[in-house]
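These notes concern the structure reproduced below.
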């Protein structure tokens, strides 16, 4: 992807998103770029994944559910009750179908940016962490510490985010996607 493509995507996404979501998206894209530089990852791919991570977020929930059903995306009972949770899966779908992204690593980073997954790629981690720490975020606990940690040890930042997310949501199956817990358990085993 070249800079012109990213510029065109920005223009298109600005029309699709409300102002605060678009500002968040730009913040995630720039944070992805910073982490990509820090961890010597492909800058363009990181920026593209960050830019497209929430491309389905502003779609009405009923439309999210209908589109997921129409395109035979897997829908958990939790997602059926809370269709806003489908935006990551739909985002990966739209990135491929609407924005012509073929790179599976980018599509997976978009797909897993809300829950994480065991054995994440470097790009998965960059997008997941960037979504949490981008400059406009200000409500999460431990944010200054996690921002600093993200540039020192990405896995430790990931674990802290997962820990704080699970702590905030609690252990209730009606609030927590099972993949978030699986991801946390996996990284705790990898980093005892």
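In the numbering used here, the protein residues as written are 1324 to 1515. Glycine included, C-beta positions come from ideal geometry on N, C-alpha and C.
Check: Residue 1514 to residue 1467 span [Cα, whole Å]; Outcome: 22 angstroms
Check: Where residue 1499 sits in the DSSP three-state scheme; Outcome: coil
Check: Given residue 1335 as reference, the closest of 1412, 1439, 1421, 1447 once Cα atoms are compared; Outcome: 1421
Check: Cβ neighbours of residue 1324 in the same chain (closer than 7 angstroms, five flanking residues each side left out); Outcome: Caution is warranted here: a pLDDT of 48 is assigned to residue 1324, below 50, making its placement in the model unreliable, and no coordinate value can be reported.
Check: Start-to-end residues for the alpha helix (DSSP H) that takes in residue 1421; Outcome: Per DSSP, residue 1421 belongs to no alpha helix (DSSP H) and is neither H nor E.
Check: Nearest neighbour of residue 1509, chosen from 1449, 1487, 1481, 1465 [CA to CA]; Outcome: 1481
Check: Pick from 1328, 1448, 1457 that is closest to residue 1476, judged by C-alpha positions; Outcome: 1448
Check: DSSP state of residue 1444 mapped onto helix, strand, coil; Outcome: coil
Check: Euclidean distance between Cα positions of residue 1469 and residue 1490; Outcome: 15 angstroms
Check: Straight-line gap, residue 1487 to residue 1464 (C-alpha atoms, nearest Å); Outcome: 7 angstroms
Check: Buried versus exposed, by CB contacts within 10 Å (16 or more), residue 1434; Outcome: buried
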